[in-house]
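Heads up: the sequence shown runs through residues 1 to 173, numbered per this note's numbering.
Where a beta carbon is used, it is the ideal one built from N, C-alpha and C, also for glycine.
Here the structure is a predicted model, which means the values were calculated and not measured.
Report on the structure given below.
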Amino acid sequence: MKLCEEHGVPVQRLAAGDQIPVKDAQIDVLHPDASWAAQHQGNNNSLVLKIDWPGLSLLLTGDIEKEAEAALAGNQSLKATFLKIPHHGSPTSSTDSFLEEVKPAVAFASMQAAGSRQTLMTPNIAERYKAHDIQVYRTDRHGGIRLKRPLFKKQYEVFTARGARGYSLTPKN
Numbered sequence: 001m002k003l004c005e006e007h008g009v010p011v012q013r014l015a016a017g018d019q020i021p022v023k024d025a026q027i028d029v030l031h032p033d034a035s036w037a038a039q040h041q042g043n044n045n046s047l048v049l050k051i052d053w054p055g056l057s058l059l060l061t062g063d064i065e066k067e068a069e070a071a072l073a074g075n076q077s078l079k080a081t082f083l084k085i086p087h088h089g090s091p092t093s094s095t096d097s098f099l100e101e102v103k104p105a106v107a108f109a110s111m112q113a114a115g116s117r118q119t120l121m122t123p124n125i126a127e128r129y130k131a132h133d134i135q136v137y138r139t140d141r142h143g144g145i146r147l148k149r150p151l152f153k154k155q156y157e158v159f160t161a162r163g164a165r166g167y168s169l170t171p172k173n
């Protein structure tokens, strides 16, 4: 924020209920609301955005953890086709109740290189997504992840950098 101020870059603080106008899509801010942000710090203050296009939706969760997931409970806007996995799949997030409310078909996470001690997603969390029948894509295994919806079609496709080259680092289970 200080750098923005120093360089004259305008800053707009967003809060739950705000909408960002975009052609052919709707972006809603779901979290945090102004009172939450004043009382909490860190990951649970991450901005949560819901992007709706005709035929599909995307929930971007930042690094929210269980506390923020619980605060979002009951929000009718949570259901989404795609979920950016909260907090890189850390055990501090991705509760069963949150996944039941969002009901994504596909989830994706940005992670450190495979085998790195910095990878946050534990086998238990990966198993939780599997139990909810959610297809998971991870940058440590699949490389870059791209969502594509052909013009005038409702179905979507998921492309990965490693898949395009004929491989991924997904363990065989």
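Q) Between which two residues does the alpha helix (DSSP H) carrying Glu157 extend? A) As a first step, residue 157 must be located in the sequence shown, where it is residue number 157. Careful: Glu157 lies outside any alpha helix (DSSP H), inside the beta strand (DSSP E) at Glu157 to Thr160.
Inter-stretch contact (C-beta, 8 Å, three-pair minimum) for the region 87-106 and the region 64-78: yes
Next on the checklist: Under DSSP, the beta strand (DSSP E) around Lys103 begins and ends at which residues?
Outcome noted: Walking along the sequence shown from the start, residue 103 turns up at place 103. Neither: Lys103 is in no beta strand (DSSP E) and is coded neither H nor E.
| said: Within 10 Å of its beta-carbon, does Pro21 have 16 or more other beta-carbons around it, so buried, or fewer, so exposed? | reply: The residue given as residue 21 occupies position 21 in the sequence shown. Pro21 is exposed by the Cβ-count criterion.
Contact set for Phe99: own chain, Cβ-Cβ below 6 Å, skip 5 residues either direction: Indexing the sequence shown from 1 puts residue 99 at position 99. It is Leu, not Phe, that sits at residue 99 in the sequence shown. If we look at Leu99 and ignore the five residues flanking it on each side, its Cβ neighbours are His132.
message = Going by DSSP in three states, Lys23 sits in which element: helix, strand or coil?
response = Translated into the one-based positions of the sequence shown, residue 23 becomes position 23. Coil, per DSSP.
**Contact under 8 Å by Cβ, Phe108 with Ile145** = Numbered from 1 along the sequence shown, position 108 holds the residue referred to as residue 108. Numbered from 1 along the sequence shown, position 145 holds the residue referred to as residue 145. Cβ distance < 8 Å, so Phe108 and Ile145 count as in contact.
Next on the checklist: Counting C-beta neighbours from all protein chains within 10 Å, is the total for Arg138 16 or more, i.e. buried, or is it exposed?
Outcome noted: Translated into positions along the sequence shown, residue 138 becomes position 138. Arg138 is buried by the Cβ-count criterion.
How long is the line joining the alpha carbons of His31 and Arg162, rounded to whole angstroms?
What you label residue 31 is simply residue 31 of the sequence shown in a count that begins at 1. What you label residue 162 is simply residue 162 of the sequence shown in a count that begins at 1. The alpha-carbon atoms of His31 and Arg162 are separated by roughly 33 Å.
TODO: To the nearest angstrom, report how far apart Lys23 and Trp53 are at their CA atoms.
DONE: One-based indexing of the sequence shown puts residue 23 at position 23. One-based indexing of the sequence shown puts residue 53 at position 53. Distance from the CA atom of Lys23 to the CA atom of Trp53, rounded to whole angstroms, is 10 Å.
Alpha carbon of Gly143 to alpha carbon of Lys84, nearest angstrom:
For this step, residue 143 is matched to residue 143 along the sequence shown. For this step, residue 84 is matched to residue 84 along the sequence shown. Distance between the alpha carbons of Gly143 and Lys84: 15 Å.
List the whole-angstrom C-beta distance separating Lys130 from Lys103, where the pair is believed to meet the contact cut-off of C-beta under 8 Å.
As a working mapping, residue 130 is identified with position 130 in the sequence shown. As a working mapping, residue 103 is identified with position 103 in the sequence shown. At roughly 15 Å, the Cβ-Cβ gap does not stay under 8 Å, so Lys130 and Lys103 are not in contact.
### Task
Leaving aside the five residues before and after Thr160 along the sequence, list all residues of the same chain whose C-beta is less than 8 Å from its C-beta, in chain order.
Counted from its first residue, the sequence shown places residue 160 at position 160. Cβ neighbours of Thr160 beyond the five flanking positions: Tyr137, His142, Gly143, Gly144, Ile145, Arg146 and Ser168.
With distances taken from CA atoms, which of Leu59, Leu120 and Glu6 is nearest Val29?
Residue 29 sits at position 29 when you count from the first residue of the sequence shown. Of the candidates Leu59, Leu120 and Glu6, the one whose C-alpha sits nearest the C-alpha of Val29 is Leu59.
**OP:** Go to Lys130, then tell me how far its alpha helix (DSSP H) extends in each direction, as first and last residue.
**Re:** Here residue 130 is taken as the residue at index 130 of the sequence shown, counted from 1. That run of the alpha helix (DSSP H) goes Pro123 to Ala131.
message = Whole angstroms are fine: how far does the CA of Leu47 sit from the CA of Ala15?
response = Working through the sequence shown from its first residue, we reach residue 15 at position 15. Working through the sequence shown from its first residue, we reach residue 47 at position 47. C-alpha separation (whole angstroms): 8 Å.
Notebook entry, point to check: Which residue's Cα is closest to the Cα of Val106: Phe82, Ala126 and Thr95?
Noted result: Stepping through the sequence shown from its first residue, residue 106 is reached at position 106. Closest option to Val106, Cα to Cα, is Phe82.
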